[in-house]
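Contents: one structure, followed by commentary.
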Amino acid sequence: MDIACKEFTEGRPMMIFFPKDNKSVFSVRMYHTGDFERTGSNHIYIHPITGKVVKLNLWKKKPTSEKLTRSMYFIHFGTFWGHYSRILWIFIGLVVPFLYFTGFYAWWSKLKRRQNTPLFRPPVKENPSQALNLQGIIFLSSCSTRARTWNFRTRI
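This note's numbering puts the sequence shown at residues 2 to 157.
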(Lines of atoms letter the chains of each structure in order from A and count residues from 1; the text may use other names and numbers.)
(Lines give C-alpha, C1' and ligand atoms only; values in the text may rest on other atoms or scores of the structure.)
Protein backbone atom coordinates (compact mmCIF):
# COMPACT_ATOMS: atom_id res chain seq x y z
CA MET A 1 0.00 0.00 0.00
CA ASP A 2 2.85 2.37 0.85
CA ILE A 3 4.48 1.65 -2.53
CA ALA A 4 1.30 2.65 -4.37
CA CYS A 5 0.90 5.83 -2.28
CA LYS A 6 4.54 6.81 -2.93
CA GLU A 7 4.13 6.19 -6.66
CA PHE A 8 0.90 8.18 -7.00
CA THR A 9 0.91 10.84 -4.28
CA GLU A 10 -2.08 12.79 -5.63
CA GLY A 11 -4.59 10.00 -5.09
CA ARG A 12 -5.85 7.87 -2.26
CA PRO A 13 -6.20 4.08 -2.38
CA MET A 14 -9.74 2.79 -2.80
CA MET A 15 -9.43 -0.93 -3.64
CA ILE A 16 -6.75 -3.61 -3.41
CA PHE A 17 -6.85 -6.77 -5.50
CA PHE A 18 -4.66 -9.63 -4.30
CA PRO A 19 -2.89 -12.00 -6.73
CA LYS A 20 -4.74 -15.19 -7.60
CA ASP A 21 -1.60 -17.25 -8.21
CA ASN A 22 2.21 -16.91 -8.18
CA LYS A 23 2.29 -15.25 -11.61
CA SER A 24 -0.32 -12.53 -10.84
CA VAL A 25 0.34 -9.10 -9.36
CA PHE A 26 -1.22 -6.84 -6.75
CA SER A 27 -3.53 -4.22 -8.18
CA VAL A 28 -4.33 -0.99 -6.34
CA ARG A 29 -7.03 1.39 -7.54
CA MET A 30 -6.39 4.99 -6.60
CA TYR A 31 -8.96 7.80 -6.63
CA HIS A 32 -8.04 11.29 -7.75
CA THR A 33 -10.46 14.23 -7.76
CA GLY A 34 -12.13 14.44 -11.15
CA ASP A 35 -12.21 10.68 -11.79
CA PHE A 36 -15.45 9.32 -13.24
CA GLU A 37 -15.29 6.14 -11.22
CA ARG A 38 -16.03 6.32 -7.52
CA THR A 39 -13.49 3.56 -6.94
CA GLY A 40 -10.77 5.40 -8.86
CA SER A 41 -9.63 5.47 -12.46
CA ASN A 42 -5.91 5.02 -11.71
CA HIS A 43 -4.44 1.51 -11.51
CA ILE A 44 -1.08 0.59 -10.02
CA TYR A 45 0.22 -2.96 -10.46
CA ILE A 46 2.83 -4.21 -7.96
CA HIS A 47 4.89 -7.41 -8.13
CA PRO A 48 4.09 -9.55 -5.04
CA ILE A 49 7.63 -10.79 -4.36
CA THR A 50 9.88 -7.86 -5.24
CA GLY A 51 7.41 -5.08 -4.35
CA LYS A 52 8.33 -3.06 -7.45
CA VAL A 53 5.77 -1.27 -9.58
CA VAL A 54 5.16 -3.36 -12.70
CA LYS A 55 2.76 -1.02 -14.44
CA LEU A 56 1.36 2.43 -13.73
CA ASN A 57 -1.95 3.12 -15.46
CA LEU A 58 -2.95 6.73 -14.73
CA TRP A 59 -6.09 8.44 -16.00
CA LYS A 60 -4.38 11.72 -16.88
CA LYS A 61 -1.81 9.97 -19.08
CA LYS A 62 -4.35 8.03 -21.13
CA PRO A 63 -5.14 9.18 -24.68
CA THR A 64 -8.39 11.05 -25.28
CA SER A 65 -9.89 8.18 -27.26
CA GLU A 66 -9.48 5.77 -24.33
CA LYS A 67 -10.85 8.33 -21.88
CA LEU A 68 -13.90 8.78 -24.09
CA THR A 69 -14.40 5.04 -24.45
CA ARG A 70 -14.13 4.41 -20.71
CA SER A 71 -16.43 7.32 -19.87
CA MET A 72 -19.26 5.89 -22.02
CA TYR A 73 -20.13 3.47 -19.22
CA PHE A 74 -20.76 6.34 -16.82
CA ILE A 75 -22.74 8.32 -19.37
CA HIS A 76 -24.83 5.23 -20.20
CA PHE A 77 -25.76 4.53 -16.60
CA GLY A 78 -25.86 8.22 -15.60
CA THR A 79 -23.34 8.03 -12.78
CA PHE A 80 -21.11 10.92 -13.90
CA TRP A 81 -22.63 13.45 -11.40
CA GLY A 82 -23.54 10.90 -8.77
CA HIS A 83 -27.17 10.60 -7.71
CA TYR A 84 -28.19 13.86 -9.41
CA SER A 85 -27.40 12.54 -12.86
CA ARG A 86 -29.11 9.22 -12.10
CA ILE A 87 -32.31 11.06 -11.17
CA LEU A 88 -32.01 13.12 -14.35
CA TRP A 89 -31.49 9.94 -16.41
CA ILE A 90 -34.60 8.38 -14.84
CA PHE A 91 -36.74 11.37 -15.86
CA ILE A 92 -35.28 11.41 -19.35
CA GLY A 93 -35.96 7.69 -19.65
CA LEU A 94 -39.58 8.12 -18.55
CA VAL A 95 -40.30 10.88 -21.08
CA VAL A 96 -40.48 8.46 -24.04
CA PRO A 97 -43.10 6.08 -22.56
CA PHE A 98 -45.04 9.07 -21.22
CA LEU A 99 -45.23 10.63 -24.69
CA TYR A 100 -46.17 7.26 -26.17
CA PHE A 101 -49.08 6.63 -23.80
CA THR A 102 -50.42 10.19 -23.87
CA GLY A 103 -50.30 10.17 -27.68
CA PHE A 104 -52.12 6.83 -27.74
CA TYR A 105 -54.73 8.18 -25.31
CA ALA A 106 -55.29 11.30 -27.45
CA TRP A 107 -55.65 9.17 -30.58
CA TRP A 108 -58.01 6.72 -28.86
CA SER A 109 -60.27 9.45 -27.44
CA LYS A 110 -60.42 11.16 -30.85
CA LEU A 111 -61.33 7.83 -32.45
CA LYS A 112 -64.09 7.27 -29.89
CA ARG A 113 -65.48 10.76 -30.53
CA ARG A 114 -65.56 10.10 -34.26
CA GLN A 115 -67.43 6.82 -33.77
CA ASN A 116 -70.25 8.68 -32.02
CA THR A 117 -70.76 11.01 -35.00
CA PRO A 118 -71.78 9.69 -38.42
CA LEU A 119 -69.13 9.79 -41.11
CA PHE A 120 -71.56 11.01 -43.79
CA ARG A 121 -74.27 13.55 -43.16
CA PRO A 122 -77.69 12.69 -44.44
CA PRO A 123 -78.53 14.57 -47.63
CA VAL A 124 -80.27 17.88 -47.15
CA LYS A 125 -83.55 18.22 -48.97
CA GLU A 126 -83.44 21.37 -51.02
CA ASN A 127 -85.85 23.21 -53.13
CA PRO A 128 -84.82 22.33 -56.71
CA SER A 129 -85.59 25.83 -57.88
CA GLN A 130 -82.93 27.39 -55.62
CA ALA A 131 -79.82 25.25 -56.27
CA LEU A 132 -78.64 22.14 -58.00
CA ASN A 133 -75.36 20.46 -56.99
CA LEU A 134 -74.04 17.74 -59.28
CA GLN A 135 -70.62 16.23 -58.52
CA GLY A 136 -69.24 19.39 -56.96
CA ILE A 137 -70.41 21.70 -59.76
CA ILE A 138 -72.60 24.48 -58.49
CA PHE A 139 -75.25 25.83 -60.79
CA LEU A 140 -76.94 29.18 -60.43
CA SER A 141 -80.51 29.26 -59.43
CA SER A 142 -83.07 31.74 -60.46
CA CYS A 143 -82.88 35.27 -59.25
CA SER A 144 -83.80 35.78 -55.62
CA THR A 145 -87.09 37.49 -55.20
CA ARG A 146 -86.22 39.53 -52.12
CA ALA A 147 -82.72 40.89 -52.77
CA ARG A 148 -82.78 40.69 -56.56
CA THR A 149 -79.29 39.05 -56.55
CA TRP A 150 -78.09 35.74 -57.78
CA ASN A 151 -78.35 33.07 -55.10
CA PHE A 152 -75.18 30.91 -54.87
CA ARG A 153 -75.59 27.80 -52.74
CA THR A 154 -72.72 25.67 -51.57
CA ARG A 155 -72.77 22.44 -49.68
CA ILE A 156 -70.21 21.58 -47.04
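The C-beta atom is built at its ideal place from N, Cα and C for all residues, glycine as well.
Roughly how many angstroms separate the alpha carbons of residue i and residue j, rounded to a whole number?
i, j, result
"S28", "D36", "18 Å"
"G83", "W90", "11 Å"
"H33", "L112", "59 Å"
"L59", "F92", "34 Å"
"T51", "Y74", "35 Å"
"P98", "Q116", "27 Å"
"T103", "S110", "11 Å"
"P49", "L95", "49 Å"
"K61", "F105", "49 Å"
"K53", "I47", "6 Å"
"G12", "T40", "11 Å"
"L57", "A107", "59 Å"
"P64", "R71", "11 Å"
Apply the 10 Å Cβ neighbour rule to residue i and answer buried if 16 or more other Cβ atoms are within range, or exposed otherwise.
i, result
"I17", "exposed"
"S66", "exposed"
"A5", "buried"
"M31", "buried"
"F19", "exposed"
"F9", "buried"
"S42", "buried"
"I45", "buried"
Does the Cβ of residue i lie closer than 7 Å to at least one heavy atom of the ligand ADP?
i, result
"T40", "Of ligands this structure carries none, so the ligand ADP is not represented either."
Per DSSP, residue i forms a beta bridge with which residues?
i, result
"M15", "Note: M15 sits in no beta bridge, so no partner."
Tell me which residues share the same chain as residue i and place their Cβ nearer than 8 Å to its Cβ, disregarding the 5 neighbours each side in the sequence.
i, result
"S86", "G79, T80"
"M2", "P14, I17, V29"
In its own chain, which residues sit with a C-beta less than 6 Å from the C-beta of residue i, not counting the 5 before and 5 after it?
i, result
"N23", "none"
Query raised in the report: Which runs of the beta strand (DSSP E) fall wholly inside the stretch 17–71 and span at least 3 residues, in chain order?
Result: Fully enclosed beta strand (DSSP E) runs of 3 or longer: 27–32, 43–47, 54–58.
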